[in-house]
Amino acid sequence: MRSIASNLATLVAPLVIPLMVTIPSMDAFIIVTSPMVVHQSSHQSSYHRHDDQPRSIIINNNCATSTAMNAAKATADENGWDIPDPSSLPPLYQSSLNSNANGNANNKGKGKSRSKPIKQLPNGGTITMVGSGPGDPNLLTVSAYKLLTEATSNTLVICDRLVSKEILDLISDDAEQKIARKLPGCANLAQNEIYKWAHEGLQKGMEVIRLKIGDPFVFGRGGEEVLQFRDYGIEPSVIPGVSAAFSAPLLGSIPVTHRGVANQVVMCTGYGREGTSPDLIQYHPEQTIVFLMAVGRLTELSERLQRLAGYPADTAVGIIERAGCPEQRTVVGDLSNIGAIAKEYNVQAPSTIVVGNVVRVLLADDDEMEGGEASVLQGLISTCNDTAAVSPAFAA
208 MRSIASNLAT LVAPLVIPLM VTIPSMDAFI IVTSPMVVHQ SSHQSSYHRH
258 DDQPRSIIIN NNCATSTAMN AAKATADENG WDIPDPSSLP PLYQSSLNSN
308 ANGNANNKGK GKSRSKPIKQ LPNGGTITMV GSGPGDPNLL TVSAYKLLTE
358 ATSNTLVICD RLVSKEILDL ISDDAEQKIA RKLPGCANLA QNEIYKWAHE
408 GLQKGMEVIR LKIGDPFVFG RGGEEVLQFR DYGIEPSVIP GVSAAFSAPL
458 LGSIPVTHRG VANQVVMCTG YGREGTSPDL IQYHPEQTIV FLMAVGRLTE
508 LSERLQRLAG YPADTAVGII ERAGCPEQRT VVGDLSNIGA IAKEYNVQAP
558 STIVVGNVVR VLLADDDEME GGEASVLQGL ISTCNDTAAV SPAFAA
């Protein structure tokens with residue numbers, strides 16, 4: 208894999224904006240899933256921790272001079288990152304048949320007018336949104352695997368920062384890669400930088416691949432990106448990914464449903480828009496909650512579940528860190544102590560948090576019986592290749 212150039216100057220740019228997270232307004236919902244065909248890769252990669260340092264590539268803007276591009280440059284000069292506001296970038300395609308942006312004839316021209324987006328620009332440019340799953344290349348869909356491995360010199364791959372190195376290693380050496388700089392405190396600017404990169408690639412007639420962690424539309428801002436790309440006049444293709452909401456618990460030996468234990472699953476993010484805390488679903492003994500992107504406020508979340516949602520302090524909690532990657536770890540506790548346990552073992556993103564009695568189903572400690580029932584193991588109970596740390600009942 209060819210190296211990705213770094214611009215050190217961008218890494219020391221002052222972060223003067225407040226924490227801005229990229230979470231859709233829908234904070235929680237119940238979802239049912241069905242099996243997905245996945246690619247069984249024979250790829251053998253060098254397994255080591257993915258470099259989480261922010262990386263960027265500064266590219267020259269070869270856009271034609273226009274009023275819109277001058278406005279975009281003005282907004283870029285204001286934020287110190289040389290990144291224009293995405294709404295200031297000009298459309299890449301406009302047809303002679305314009306329709307109202309809201310699709311409502313009764314608006315009588317209110318709101319901006321835009322063309323119906325097309326799948327391929329006249330210069331050949333296309334964009335595809337791809338879910339990379341939890342991190343294991345074997346969990347990519349066949350379509351995603353083919354697209355990444357067959358990329359050409361006319362392909363620009365714009366990757367989420369937390370996409371695993373094992374998947375990045377699959378990308379064809381011919382393709383150009385850019386890694387988003389979504390670190391705490393700069394997520395909003397980093398998102399705008401993604402739009403800038405995509406806009407420039409499309410303007411050059413490139414095949415743009417927007418590679419996102421998990422599934423693009425499960426708390427991944429996928430819908431927002433589709434709407435922005437439509438404003439540029441192009442309709443993205445979409446390749447779904449295996450969501451960590453279901454795959455990560457399974458990889459950590461936690462079923463999200465189990466007959467007689469949990470008959471419903473709620474998926475929730477740890478952060479609402481503008482860093483707010485989402486509303487919580489009230490406690491039900493046969494309910495599982497799966498939290499994505501919540502490990503950064505785990506202690507606060509545990510307290511709110513008890514105080515506002517009626518969860519007992521001894522409700523089991525499991526955390527699967529870097530699911531499917533060589534560094535995968537499973538950490539278990541309950542609402543009263545999971546924050547301290549996660550701090551002790553320095554649990555980091557990406558992590559999936561599971562709350563509910565399902566955590567006890569396959570991770571019970573058969574050697575410690577309380578009232579005739581097995582108690583749940585606590586602490587760091589397993590790593591990706593450490594089967595000895597898993598309870599005897601599961602290892603068998």
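In terms of this note's numbering, the sequence shown opens at residue 208 and continues consecutively.
Ideal placement from N, C-alpha and C gives every residue a C-beta, glycine not left out.
These figures come from a predicted structure and were not determined experimentally.
Host alpha helix (DSSP H) of residue i (start-end)
| i | result |
| --- | --- |
| valine 539 | Run containing valine 539: none in the alpha helix (DSSP H); it sits in the beta strand (DSSP E), 536–541. |
| glycine 338 | Careful: glycine 338 lies outside any alpha helix (DSSP H), inside the beta strand (DSSP E) at 333–338. |
| lysine 326 | Here lysine 326 belongs to no alpha helix (DSSP H), and DSSP marks it neither H nor E. |
| valine 433 | 429–438 |
| valine 445 | Note, valine 445: premise wrong, no alpha helix (DSSP H); beta strand (DSSP E) at 444–446. |
| glutamine 513 | 505–516 |
| threonine 356 | 349–356 |
Nearest-angstrom beta carbon gap, residue j and residue i [assumed within contact, 8 Å]
| i | j | result |
| --- | --- | --- |
| valine 472 | serine 558 | 18 Å between Cβ atoms; not a contact. |
| aspartate 292 | asparagine 399 | 7 Å |
| glycine 615 | valine 561 | An answer regarding residue 615 cannot be provided, because it is not within the stretch 208 to 603 covered by the chain. |
| glycine 546 | leucine 505 | 5 Å |
| alanine 358 | isoleucine 378 | 6 Å |
| glutamine 494 | glycine 563 | 6 Å |
Element boundaries [beta strand (DSSP E), containing residue i]
| i | result |
| --- | --- |
| phenylalanine 498 | 494–499 |
| alanine 530 | Here alanine 530 belongs to no beta strand (DSSP E), and DSSP marks it neither H nor E. |
| valine 562 | 558–562 |
Identity of the residues DSSP links to residue i by a beta bridge
| i | result |
| --- | --- |
| glycine 408 | According to DSSP, which records beta bridges pairwise, glycine 408 is partnered with nothing at all. |
| glycine 421 | Gly340 |
| threonine 362 | Glu414 |
| isoleucine 386 | Cys366 |
Pairwise C-alpha distance: residue j and residue i
| i | j | result |
| --- | --- | --- |
| glutamine 327 | aspartate 422 | 23 Å |
| leucine 621 | arginine 567 | Residue numbering for the chain in the displayed model covers 208 to 603; residue 621 lies beyond these limits and cannot be assessed. |
| valine 497 | valine 538 | 15 Å |
| proline 462 | valine 468 | 10 Å |
| aspartate 521 | asparagine 553 | 22 Å |
| valine 337 | alanine 451 | 14 Å |
| asparagine 361 | glutamine 535 | 34 Å |
| threonine 335 | valine 565 | 36 Å |
| phenylalanine 424 | glutamate 432 | 10 Å |
| isoleucine 588 | glutamine 384 | 36 Å |
| glutamate 528 | proline 456 | 10 Å |
| proline 492 | tryptophan 288 | 48 Å |
| glycine 440 | lysine 372 | 32 Å |
From the options, residue whose alpha carbon lies closest to that of residue i
| i | options | result |
| --- | --- | --- |
| proline 329 | Ala397, Asp367, Asn553, Pro298 | Pro298 |
| tyrosine 352 | Ser360, Ile416, Pro293 | Ile416 |
| tyrosine 478 | Val554, Pro293, Ile545, Arg428 | Arg428 |
| methionine 474 | Ser460, Gly546, Ser454, Gly459 | Ser454 |
| glutamine 410 | Asn564, Val561, Thr333, Ser379 | Thr333 |
| valine 349 | Ala523, Gln535, Gly448 | Gly448 |
| proline 341 | Ala556, Ala571, Leu355, Ser509 | Ala556 |
| arginine 511 | Glu431, Ser543, Ile527 | Ser543 |
| isoleucine 365 | Leu508, Leu418, Tyr300 | Leu418 |
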